[in-house]
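Worksheet: one structure, shown below.
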Amino acid sequence: MEKMELISRETIKPSTPTPPHLKIYPLCFIDHIVFRNYIPILLFYSANHHSKNHQASKISTLKKSLSHVLSRYYPFAGNLRDQLSIECNDQGVSFLVTTFTCNLSSILHKPNHQTFHPLFPDQLQWNPMETPSSPILAIQINCFACGGIAISVCMCHKVADAATLCNFINDWATFTRHSQNQEQEQPELLSSLPFPVPGASFFPQENLPVFPEAAFVKNDTVCRRFVFEAAKIESLKAMVSSSGNVQNPTRVEVVSALIYKRAVSSLGLTFETTAFRTAVNLRNRTVPPLPGKSLGNLVWFLFVTNPGEEAELQELVAKMKDGLSEFCETCGKKFGGKKKDLRFITECLKQATSTRVPEGGSLVCCASWCRFPMYEADFGWGKPSWVTTSECPVKNSVVLMDTRDGEGIEALVNMEEHDMAKFERDIHLLQYASLNPLVQHGS
Numbered sequence: 029m030e031k032m033e034l035i036s037r038e039t040i041k042p043s044t045p046t047p048p049h050l051k052i053y054p055l056c057f058i059d060h061i062v063f064r065n066y067i068p069i070l071l072f073y074s075a076n077h078h079s080k081n082h083q084a085s086k087i088s089t090l091k092k093s094l095s096h097v098l099s100r101y102y103p104f105a106g107n108l109r110d111q112l113s114i115e116c117n118d119q120g121v122s123f124l125v126t127t128f129t130c131n132l133s134s135i136l137h138k139p140n141h142q143t144f145h146p147l148f149p150d151q152l153q154w155n156p157m158e159t160p161s162s163p164i165l166a167i168q169i170n171c172f173a174c175g176g177i178a179i180s181v182c183m184c185h186k187v188a189d190a191a192t193l194c195n196f197i198n199d200w201a202t203f204t205r206h207s208q209n210q211e212q213e214q215p216e217l218l219s220s221l222p223f224p225v226p227g228a229s230f231f232p233q234e235n236l237p238v239f240p241e242a243a244f245v246k247n248d249t250v251c252r253r254f255v256f257e258a259a260k261i262e263s264l265k266a267m268v269s270s271s272g273n274v275q276n277p278t279r280v281e282v283v284s285a286l287i288y289k290r291a292v293s294s295l296g297l298t299f300e301t302t303a304f305r306t307a308v309n310l311r312n313r314t315v316p317p318l319p320g321k322s323l324g325n326l327v328w329f330l331f332v333t334n335p336g337e338e339a340e341l342q343e344l345v346a347k348m349k350d351g352l353s354e355f356c357e358t359c360g361k362k363f364g365g366k367k368k369d370l371r372f373i374t375e376c377l378k379q380a381t382s383t384r385v386p387e388g389g390s391l392v393c394c395a396s397w398c399r400f401p402m403y404e405a406d407f408g409w410g411k412p413s414w415v416t417t418s419e420c421p422v423k424n425s426v427v428l429m430d431t432r433d434g435e436g437i438e439a440l441v442n443m444e445e446h447d448m449a450k451f452e453r454d455i456h457l458l459q460y461a462s463l464n465p466l467v468q469h470g471s
C-alpha cells in the first residue's frame with residue numbers, strides 16, 4: 029500500500045447530552061466476561077459514487093450525522109466504568125481522516141489483509157483497550173486518489189458484538205443518506221430510527237457471580253481469504269443432503285463443516301482431540317425472540333466435540349444441527365424469559381472463562397457474520413463495493429461473511445504460518461473455494 033497521510037484527528041461527541049438518568053449504562057451478564065479488544069470492520073466504496081473533489085464535503089456530512097446518531101448510541105461515546113457498566117459521560121469517539129496516494133482498485137484487485145493495518149484507526153483491530161478511558165468506538169475515513177473511500181470502524185468487543193456493530197453502521201448510513209434531503213429535519217429523522225435496546229434489559233447481571241473476563245490469547249498468525257461461490261455451496265449442500273440424514277443444510281453449516289474437516293485433515297489433527305466452536309446469535313433463539321436492535325454481546329457458543337474418528341461432511345453438519353437444536357432448548361430458553369435458570373447461567377459463565385480444550389487438544393473457532401446487512405450501508409454514495417474485516421491473531425479462527433451478491437461466502441481463515449502452508453494447498457478444500465480472488469466490486 030502506498031503512502032498514507034493523516035489529515036485530521038477529532039473527537040466526535042453526541043449532538044445532545046445524555047440525560048442524567050442514563051449516565052450509568054449496565055452491561056449484560058454476557059458482556060461482563062468479554063475481553064476488552066476491538067472488533068474491526070472495513071467498508072470500501074468505489075469512486076463511481078463520488079469524485080475526489082467531493083470527499084471533503086462527504087466527510088463533513090459524516091461527522092455531523094455521526095454526532096446525531098451517537099445521541100441514540102450514547103454508551104459508545106462513554107468509557108468503561110468497571111467490568112459491569114459504562115459511564116455515559118459523552119467523552120466522544122475517535123474520528124480520523126487519512127489520504128492515500130494509490131487508487132482503490134489496487135487494493136481490490138488482489139486484497140492482502142496483512143497490508144490493511146493502516147486503514148484502521150490507530151491499528152486497534154483486535155487489539156486490547158489500553159486504559160478504561162480509551163474510546164469505546166474509533167472510526168477512520170480513508171480517501172484514495174481515485175475518489176474512492178474506505179470506512180473502518182473499531183468497536184470495543186466488551187460493549188458490542190458484530191450484529192450490534194452492523195446495526196450501528198447501518199443507522200449511521202441511513203441518517204447520513206436521508207439527512208442530505210433538506211425536506212426532513214434531522215431531529216425528525218433521528219426519531220424515526222428504532223432505538224437500540226440494551227442487552228441488560230433481557231440478560232441483567234442481577235445477583236449472578238462476577239467472573240473474570242475470558243482470556244484473549246494472541247498468536248503469530250497469517251490470514252487467507254477463501255471465497256465459496258454460490259454454485260459451489262449448492263454442490264456442497266447437495267452432497268450433504270444425498271445421505272438422507274440431513275435436511276436443508278444451510279450455507280454456513282456446509283462451509284464451516286468443510287473448513288473444520290479440512291483443517292483437521294491437512295494439519296494432521298484428529299477429531300477426538302480437535303473441537304469445533306461457533307458463535308450463535310441469541311436474538312432470534314430466545315423465547316420470545318429479542319429485538320433485532322438489541323445492543324450488546326447477545327451470542328453464546330456451540331461446541332461440536334468428538335464427531336467420530338473419520339467423520340464425513342454430512343456427519344459434521346448433522347452434529348451441528350443437533351447441537352443447535354439442543355442449544356435452543358437450553359441457552360435459548362434458560363438465559364432469559366419464563367424459564368430463566370440462574371444456576372444454569374452461572375455454570376455457563378464459569379465454563380466460558382475457563383478453557384474447553386483438553387491438554388494437547390486443539391480448537392477451530394468460527395464466527396459467522398453472514399446475513400448481517402453489511403452491504404446495505406449506503407451513506408448516499410451507493411452500497412459498499414466490498415465489506416471485510418481484519419486478520420485475527422487467534423490461531424485456527426475463522427470469520428464467515430457474505431459475498432456482495434449475498435449468495436456466496438468469504439471465509440477469512442487465520443492460522444500459524446506453518447499450518448496455513450498446508451491448509452491453503454488442500455486440494456479437497458480448493459475444489460470448492462477460490463484462494464483470494466479479485467473482488468468483484470462492479471457487480
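In the working numbering, the protein residues as written are 29 to 471.
Note that beta-carbon positions come from the ideal geometry of N, C-alpha and C, so glycine has one too.
None of these values were measured; they are calculated from a predicted model.
| query | result |
| --- | --- |
| Start and end of the beta strand (DSSP E) containing I69? | 66-73 |
| Going by CA-CA distance only, name the one from V283, S162, Q208 that's closest to P348. | The question names Pro, but residue 348 is Met in the sequence shown. Nearest option by C-alpha distance: V283. |
| Which value, in whole angstroms, describes the spacing of the CA atoms of R399 and G434? | 8 Å |
| Can you give me the start and stop residues for the beta strand (DSSP E) that L165 sits inside? | 165-171 |
| Could you give the first and the last residue of the continuous beta strand (DSSP E) run that contains A461? | Segment: none, A461 is in no beta strand (DSSP E) and carries neither H nor E. |
| For my contact list, F72 and P401 are in at a C-beta cut-off of 8 Å; report their separation, rounded to the angstrom. | With a Cβ gap of about 16 Å, F72 and P401 do not count as contacting. |
| For Q208 and N198, what's the separation of their Cα atoms in angstroms? | 16 Å |
| Excluding five sequence neighbours on each side, which residues of the same chain lie with their C-beta closer than 8 Å to the C-beta of T358? | F372 |
| What distance in whole Å lies between the Cβ atoms of F363 and L310, which are believed to be in contact at a cut-off of 8 Å? | 7 Å |
| Please report the straight-line C-alpha distance between D248 and M32, rounded to a whole angstrom. | 26 Å |
| If you follow the beta strand (DSSP E) that S122 is in, where does it begin and where does it stop? | 121-128 |
| For D406 and T202, I'd like the C-alpha separation in whole angstroms. | 7 Å |
| Would you mind listing the beta strand (DSSP E) stretches within the region 242-326 that are 3+ residues and don't spill past its ends, in chain order? | 249-256, 302-309 |
| Quick check: what's the CA-CA separation for V225 versus L326? | 12 Å |
| Look up Y53 in the DSSP assignment and give the residues it is bridged to. | I114 |
| Give every residue of the same chain whose Cβ lies closer than 6 Å to the Cβ of H137, excluding the five residues on either side of it in the sequence, and list them in chain order. | L466 |
| On the three-pair Cβ rule with 8 Å, is the region 435-450 touching the region 251-267? | yes |
| Using the DSSP secondary-structure output, state which residues sit across from W328 in a beta bridge. | V308 |
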